[in-house]
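Residue numbers (my numbering), protein chains in the order written: chain U, 486 to 842; chain W, 486 to 842; chain F, 486 to 842.
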Amino acid sequence: MNKSFIIGDEFGVDFIKKVISDAILFKNDIIKIPKHDKSALFLFFNKSLRTRMSFMFAAQQMGMQTVCEDILNLYSFEMENVPMNSDKPEHIKDAARVMSRYADVIGIRNSCFIGGGKLPKNSSVEDVISDKFINIFAKYATSPVINMESDAYHPMQGLALIMSIFEKIPTTSGFESQFSEYNEFERKFDEFKTKKIVLTYAPHTKHLPIATPQSQLLAPAMMGSNVILTCPKGFELSDVCLEKVCKYASSFKIIHNQDEALQGADFVIAKSWLSIDNLTNGNLEESDIYYEKYKNWQLTESKMNLTNNALFSHCLPVRRDVEVTSSVLDSKNSMIIDEAENRMWVQMSLINSLFKS
Amino acid sequence: MNKSFIIGDEFGVDFIKKVISDAILFKNDIIKIPKHDKSALFLFFNKSLRTRMSFMFAAQQMGMQTVCEDILNLYSFEMENVPMNSDKPEHIKDAARVMSRYADVIGIRNSCFIGGGKLPKNSSVEDVISDKFINIFAKYATSPVINMESDAYHPMQGLALIMSIFEKIPTTSGFESQFSEYNEFERKFDEFKTKKIVLTYAPHTKHLPIATPQSQLLAPAMMGSNVILTCPKGFELSDVCLEKVCKYASSFKIIHNQDEALQGADFVIAKSWLSIDNLTNGNLEESDIYYEKYKNWQLTESKMNLTNNALFSHCLPVRRDVEVTSSVLDSKNSMIIDEAENRMWVQMSLINSLFKS
Amino acid sequence: MNKSFIIGDEFGVDFIKKVISDAILFKNDIIKIPKHDKSALFLFFNKSLRTRMSFMFAAQQMGMQTVCEDILNLYSFEMENVPMNSDKPEHIKDAARVMSRYADVIGIRNSCFIGGGKLPKNSSVEDVISDKFINIFAKYATSPVINMESDAYHPMQGLALIMSIFEKIPTTSGFESQFSEYNEFERKFDEFKTKKIVLTYAPHTKHLPIATPQSQLLAPAMMGSNVILTCPKGFELSDVCLEKVCKYASSFKIIHNQDEALQGADFVIAKSWLSIDNLTNGNLEESDIYYEKYKNWQLTESKMNLTNNALFSHCLPVRRDVEVTSSVLDSKNSMIIDEAENRMWVQMSLINSLFKS
């Protein structure tokens, strides 16, 4: 059985709830961090700061053996069944099988778009949206594969987001009550469903990948929330993702008027990404033109005043006073640092759950 | 006493047998993995995927402290006793002595030829064949040095190969018998000597180093097998290596007719490498011309049919349907994934043995 | 409270003495290496060999979780409060706060001058001498920050130097006495104050940073020694540093005549660095001209004969027979390898002290 975690909904909603609940218990030292005499391999085809260190520390805290490979452009794998006389020295099928012998879990970051925005030569949009690379790797791997950001999804960011939201839902009788009985967890997950959660496009000078916003939309949808996407026309993310969001969310709307979308929001997530059209045709505007065109999408304090005193989320890194004003980022309603910390706890909990399932 | 492991025959045949036997016992959980509160440093002057992760996991599983340094081109060491006004910031004698203070064992990968094929400026073939760099390092180091691939040898690949062959030699009465008494190990080592083991040249688009094939020849020779090298004329590997092979093997032949060489083989190892002439004069043919010239050396199913139902070995990475057909690589007789896994076990066992000796 | 260790005198002289004493006790296995179930992050904006491995091994020997990030040029952080539409993807304030959530201690190497010598665009000498980057990082970090070499200081080298000097001060009644009673430590620290310690400029082909010599001067000054700086005119290091040296040292002199300075020295430290003028105006001479101009500053055996049979220190890497003759480096009075080893012990002791304070 393939136990890979690539999109994030592979094992259903209850699995995700368990991952979040455990993460809360580990973070608050209610349950000791579980120990595993097992090994984790983290493969980075793209640079990383937060993901790299949060995964390494998460696994090491569980007593695991850890190796990070910054493959970047040093090495590329053949994915097709062709005579291998190109510049690719190894077939992904051999790499996946060998690495599975060394490591009990394998994290992979492989995105064409990180740092760029252009569809690579000889790739179709379908290849990219379908996360061909990580799926082929997972098919041949005999150890579970964790998606540390692919072209289409960044489920670790999704998990950290919903853990952060969950933490902010008040407990019925003080901080401790959520740990005293499991029912309180259930009650809070029920309350989660009533929340109005808005993902808003933010202006940027670069054309950023769609992986993170897709997971920022899908994860709260999986919790059964009322999810709203607000963005300029043409930035609606992939059909495949939106279908999944519709399937899980209590309600889902796309609203192109940002002010209207923010009305009554309980949680606001700001993020920038490139349009699927841009992704397809590769006609990317210059930095300054692109930024100028959508700069009125910047999230400001006055826009936050339209919400239901909403808490604010951003995945980081954030371009201060470009995507969002510093006043919003540094407000008491900002969850950004807590959410970044939670990356470590959800990843620890996910690895633990994959080993137990 | 210098306890470095550079060629692979430094400590004799019995040492190697002990390394292999222990590796089998660790892998099969018959003996618990030994713990060492010691530190390992792995220095990579060339890129690595398999070697890096298999060494890191091996050492960490023994509870060791581990550091990998990807030196690549960032840093180079002076080897001569000259006023150091060139671009080399540090003398190898100082580096080796300092690193020995930090680390109880030091792995080094330093090969001029990985990724290239050309003799570096100001180097002679003798420098290269004699592994000048790693030998000078080991001379000054006070901790044992392990060769993770030099210009001339890749003894880790040699160890993994003979462990994999050993595993495939049937036990007298079922899987468990080999672990019940030490005599069974001796019996299998005796049977190993009767095997006919063929290393065959394989076509490639690149001019690859000779280190791996030299160790693929030397390691089974050290087990006392009947070793055959088959390759185009001019590809006979270095005299120094061939002399060692002659010294250890029950019998050794070079046969330039591949079909003839494969007759009755028990194990076939395929590998590509550049000729010593090419190494010397640096006149390397273009990829497509080079490949075309020797493409009939590709190992195919019909060639494997000439053997004694031989098991198949390749060190990986392999160019599928260039060096070897996928049908051979994916056949039930292929040991490639097991052998890659065994890299980790032999390296663990070697480090353990170096600490104990 | 900010517990960062950037210049080296933040916690006073007694703190340093405790760090050195503990380091001696750990190294000699008189006190077991303390264990901390905590995490260390090491951020390298410049390449490193010794620092990287000595910190990683030090932390791992204490049972800590460790991650190294070789940021090099991959990533740069915004330090100003401006709209972030430049090429800097993240504000240092966010990075520092997030990393503090992952790591209990953060080592940072960030120097404009390593590998170069030129003041970067848009930076003033004041920015550089004041170590703007690491200080802003430490201001926002909630975990203690350790300076692994900044533009202005390299306090780890300072600590290793004074530990090495301390080791060479004879004990009253044999090796063991220093461990039997704490008073012996005090006595040796008192004797340290009587020593004459000379830092001499050494010729080089490159224009090297001032961080290391500044710490090589400051650290023995903090021990209350008689400190002498000898260098060509114009190479007197920064005023800020010299003021600190004056404040702590029993006596401090700058002597431009090297022979005169070396008379009666107990310890001689050789090091090369660029002049503050060069640092300011960026008019750096070519390698050969620069080297030729100051080559008579090379430390030789005959110069060492002017001293009080002085012990010799160099931080490494050293250009043999350029900065110092091999005869001095390899003499029985050379502490270079011991001092390099001591890097690991002082860093271990420092991390331990930061956790305890």
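We put the CB at the ideal spot given by N, CA and C, even for glycine.
The structure displayed is predicted, hence computed values, not measured ones.
Given this structure, state the Cα-to-Cα distance separating residue i from residue j, to the nearest angstrom.
i, j, result
"Ile821/F", "Asp762/F", "30 Å"
"Phe618/W", "Leu534/W", "22 Å"
"Lys780/F", "Met708/W", "57 Å"
"Leu604/U", "Phe598/U", "7 Å"
"Val803/W", "Tyr667/U", "52 Å"
"Arg594/U", "Glu611/U", "19 Å"
"Asp499/U", "Ser838/U", "12 Å"
"Ser816/F", "Met789/F", "11 Å"
"Arg537/U", "Leu702/U", "23 Å"
"Ile654/F", "Lys503/F", "17 Å"
"Ala525/F", "Phe840/F", "11 Å"
"Glu770/W", "Glu671/W", "47 Å"
"Leu764/F", "Asp823/U", "41 Å"
"Trp782/U", "Cys553/F", "37 Å"
"Ala623/F", "Val630/F", "6 Å"
"Asn513/U", "Ser665/U", "12 Å"
"Ser539/U", "Glu786/U", "30 Å"
"Trp758/U", "Asp724/U", "15 Å"
Near residue i, which residues of its chain fall below 7 Å by C-beta distance, leaving aside the five closest residues on each side in sequence?
i, result
"Pro640/U", "Phe490, Ile492, Gly493, Asn632 and Ser700"
"Ala755/U", "Thr685, Ala687, Leu784, His799, Glu808 and Val809"
"Phe562/U", "Lys573, Glu575, His576, Ile577 and Ala580"
Can you say whether residue i is buried or exposed, counting buried as having 16 or more other CB atoms within 10 angstroms of its CB?
i, result
"Glu634/F", "buried"
"Met486/W", "Residue placement at Met486/W cannot be trusted, given a pLDDT of 47 that sits under 50; what the coordinates show is reported in the next sentence. Exposed."
"Ser628/U", "buried"
"Gly592/W", "buried"
"Asp616/F", "buried"
"Ser609/W", "exposed"
"Cys726/U", "buried"
"Ser760/W", "buried"
Less than 9 Å between the C-beta atoms of residue i and residue j, yes or no?
i, j, result
"Ser736/F", "Lys488/F", "no"
"Val753/W", "Phe720/W", "no"
"Glu652/W", "Val583/U", "no"
"Gln550/F", "Lys520/F", "no"
"Gly750/F", "Asn793/F", "Inspection of the sequence shows that residue 750/F is occupied by Ala rather than by Gly. Yes, they are a contact pair."
"Gly586/U", "Met829/W", "According to the sequence shown, residue 586/U is Arg rather than Gly. Closer than 9 Å, so yes."
"Lys680/F", "Ile650/F", "yes"
"Ser710/U", "Ala734/U", "yes"
"Pro694/W", "Asp636/W", "yes"
"Ile621/W", "Met564/W", "yes"
"Ser811/W", "Asn566/U", "yes"
"Asp507/W", "Ser834/W", "yes"
"Tyr625/W", "Ile577/W", "yes"
"Arg805/U", "Pro568/F", "yes"
"Lys691/W", "Tyr775/W", "yes"
"Lys729/W", "Tyr560/U", "no"
"Ala706/U", "Lys732/U", "yes"
Using a Cβ-Cβ cutoff of less than 8 Å, which residues in the same chain neighbour residue i once the five nearest sequence positions on both sides are dropped?
i, result
"Thr656/U", "Ser662, Gln663, Glu669 and Lys673"
"Ile556/U", "Leu528, Phe529 and Phe530"
Under the assumption that residue i contacts residue j (Cβ atoms under 8 Å), give the Cβ distance between them as a whole number of angstroms.
i, j, result
"Arg718/U", "His741/U", "The question names Arg, but residue 718/U in the sequence shown is Lys. Contact holds; Cβ gap of about 6 Å."
"Ile505/U", "Met648/U", "5 Å"
"Leu644/W", "Ala696/W", "Not a contact, Cβ separation roughly 14 Å."
"Ala439/W", "Gln743/W", "Summary: the structure shown does not reach residue 439/W, with chain W confined to residues 486 through 842, and so no result is reported for it."
"Leu801/U", "Asp572/F", "Not quite, the Cβ-Cβ distance comes to about 17 Å (not below 8 Å), so this is no contact."
"Ile501/W", "Phe511/W", "At roughly 16 Å, the Cβ-Cβ gap does not stay under 8 Å, so Ile501/W and Phe511/W are not in contact."
"Leu814/W", "Gln748/W", "About 22 Å; that fails the 8 Å criterion."
Tell me which residues share the same chain as residue i and place their Cβ nearer than 6 Å to its Cβ, disregarding the 5 neighbours each side in the sequence.
i, result
"Ala746/W", "Val683, Ile713, Thr715 and Ile740"
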